[in-house]
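Participant: Pasting a structure here, questions to come.
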Amino acid sequence: MKITNKEILAVIGIITMSSLSVLAQTNHFSLDENGNGYLNGAPLTNSVALDPYTGVTTLRYDLPFAGTPGVLVLTNNAEPGNFISDLLLFDGNSHVYFYSDQDFSGGGPDLADVGIPTSFSNPGTTTVAIPEVGPEGNNGGTYTPLFSSEPGWDASGLNIYTIVSDVPEPSAVALSVLGVAALCFFRRRK
113 MKITNKEILA VIGIITMSSL SVLAQTNHFS LDENGNGYLN GAPLTNSVAL DPYTGVTTLR
173 YDLPFAGTPG VLVLTNNAEP GNFISDLLLF DGNSHVYFYS DQDFSGGGPD LADVGIPTSF
233 SNPGTTTVAI PEVGPEGNNG GTYTPLFSSE PGWDASGLNI YTIVSDVPEP SAVALSVLGV
293 AALCFFRRRK
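Residue 274 in my numbering sits at position 162 of the sequence shown; the count goes up by one each step and never skips.
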C-alpha cells in the first residue's frame, strides 16, 4: 500500500485544524448595567468601585484576563447626533468599568446609572463605537474585538461581548398576571 503526498498533506491539515480549534477558545460575555455579568454562563465578579481614570464610582466587572485597555461606546442612533447611551472602559488590569446615562424612566437607578463621564484619561489608545439596537427598555449591542489594539481583546481566544444597555423592567402584562394569580390563590384559600 503506497501513501501519496496528497494523503499525507490531508492528514497534516486535519491535525493542524483540530489543534487550532482546541487552542482558539471563544469567550461569551454578557454584561448589563445592574451587575448581571456572565462569562460562558458563569457569573462574573462585580462591585461598585472608584474608576481611577474618571474619578467616578460606578459598576466594575472583573475579567479573567488583563485585556487591551481602551473605550467601548454604545451610541443611540434614535437620538440626534448619535447620543452616547453607555460607555465601557477597559483598564488593561482585568477590569471593565460600565457607565450608563441617567435615564430613570423604567424605575430606579441601576448600578451603572451614574452618567457618561465628560472627561477622563483613556487608559488605552483606541475608542470603538457600536450602535445600540432594540426597543427602548430592552436594548444593547454586541462587540467582538478582532485586533490586539481593540478594547477588551485577549490573546487566549475570541471574546464576544453582549452589552445589555437597559435592564428590562417587569411588563404591565406580567404584573397583571401575577396579581390575578394572587387573587385566585387567596380566593381559593377562603
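Glycine included, C-beta positions come from ideal geometry on N, C-alpha and C. As the structure is a computational prediction, the values presented were derived from the model and not from experiment.
What do you get for Ala224, buried or exposed, if any count of 16 or more other CB atoms within 10 angstroms of its CB means buried?
Facilitator: Ala224 should be labelled buried.
Participant: Based on DSSP bridge pairs, tell me the residues matched to Gln137.
Facilitator: For Gln137, which the question treats as bridged, DSSP gives the partners Gly269.
Participant: For my contact list, Gly313 and Asp278 are in at a C-beta cut-off of 8 Å; report their separation, rounded to the angstrom.
Facilitator: Only positions 113 to 302 of the chain appear in this structure, which leaves residue 313 out of reach.
Participant: With a threshold of 6 Å on Cβ separation, who are the neighbours of Pro235 within its own chain once the five nearest residues in sequence on each side are excluded?
Facilitator: Tyr165, Pro181, Asp203 and Gly204, listed in sequence order.
Participant: Can you list, in chain order, the residues of its chain whose CB lies under 8 Å from that of Ala178, leaving out five sequence neighbours each side?
Facilitator: So the list reads Gly204, Asn205, Ser206 and Asp266, once near-sequence residues are dropped.
Participant: The ligand PLP and Thr237: does any heavy atom of the ligand fall closer than 7 Å to the residue's C-beta?
Facilitator: No copy of the ligand PLP appears in this structure; indeed no ligand is present at all.
Participant: What are the complete beta strand (DSSP E) segments, minimum 3 residues, inside the region 174–241?
Facilitator: Listed in chain order, they are 182–188, 195–202 and 207–212.
Participant: Hey, could you find the ends of the beta strand (DSSP E) Gly167 is sitting in?
Facilitator: That residue, Gly167, is in no beta strand (DSSP E); it is neither H nor E in DSSP.
Participant: Compare the Cα-Cα distances from Gly252 to each of Val226, Thr138, Ile115 and Glu145 and report the closest residue.
Facilitator: The residue with the shortest Cα to Cα distance from Gly252 is Glu145.
Participant: Just confirm the distance between the C-beta atoms of Asp174 and Ile275, as a whole number of angstroms; I'd bet it's less than 8 Å.
Facilitator: Actually they are not in contact, since the Cβ atoms of Asp174 and Ile275 sit about 17 Å apart, beyond 8 Å.
Participant: What are the boundary residues of the beta strand (DSSP E) that includes Thr157?
Facilitator: Counting along the chain, Thr157 falls outside any beta strand (DSSP E), and DSSP gives it neither H nor E.
Participant: Exposed or buried, what is Thr237 when buried is set at 16 or more other beta-carbons lying within 10 Å of its beta-carbon?
Facilitator: The residue in question, Thr237, is exposed, as its Cβ has fewer than 16 Cβ neighbours within 10 Å.
Participant: Apart from the five residues just before and just after Asn239, which ones in its own chain have a Cβ nearer than 6 Å to its Cβ?
Facilitator: A small fix is needed here, since residue 239 is Thr in this sequence, not Asn. Taken in chain order, the residues that qualify are Val183.
Participant: I'd like the span of the beta strand (DSSP E) that includes Thr254, first residue to last.
Facilitator: Here the beta strand (DSSP E) through Thr254 covers Gly252 to Tyr255.
Participant: Could you check what DSSP says for Gly153 in three-state terms: helix, strand or coil?
Facilitator: In the structure shown, Gly153 sits in coil (DSSP, three-state: anything other than H, G, I, E or B).
Participant: Would you mind sorting Thr170 into buried or exposed? The rule is 16 or more other CB atoms within 10 Å of its CB.
Facilitator: Flag for Thr170 reads buried.
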